[in-house]
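Rendered as structure tokens:
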């Protein structure tokens, strides 16, 4: 059952994952066109990668956080 504290922790994990996604999209992008990958960090071309990286890593943070919370409660 999700208590308020667990929900808060899951939100924190998702936010942390989103922050990791922002940084990865700018400094070490995992996918994109050759022009996007060669562009300077924080350039308009590189910023177009942000949304997909943020979404993926927020979901990964949420999933990993859920697993960790589940394992700690057992």
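Residue numbers (my numbering): 432 to 505.
The C-beta atom is built at its ideal place from N, Cα and C for all residues, glycine as well.
Owing to the predicted nature of the structure, the values given are computational and were not obtained by experimental measurement.
| request: Check the C-beta distance from residue 447 over to residue 492 and give it rounded, since I have them as a contact under 8 Å. | output: Taking the first residue of the chain shown as position 1, residue 447 is located at position 16. Taking the first residue of the chain shown as position 1, residue 492 is located at position 61. Their Cβ separation, rounded to whole angstroms, is 5 Å, which keeps residue 447 and residue 492 in contact under 8 Å.
| Validate contact between the region 455-464 and the region 473-489 using beta carbons, cut 8 Å, 3 pairs | yes
| Can you tell me the Cα-Cα spacing of residue 440 and residue 460, whole angstroms? | The count along the chain shown starts at 1 and reaches residue 440 at position 9. The count along the chain shown starts at 1 and reaches residue 460 at position 29. Approximately 27 Å between the Cα atoms of the pair.
| Got a sec? Which residues, its chain only, sit under 8 Å from residue 497 by beta carbon, not counting five neighbours each side? | Here residue 497 refers to the residue found at position 66 of the chain shown. Cβ within range, chain order: 441 and 444.
| So the alpha helix (DSSP H) residue 438 belongs to, where does it begin and stop? | Taking the first residue of the chain shown as 1, we reach residue 438 at position 7. For residue 438, the uninterrupted alpha helix (DSSP H) segment begins and ends at 435-458.
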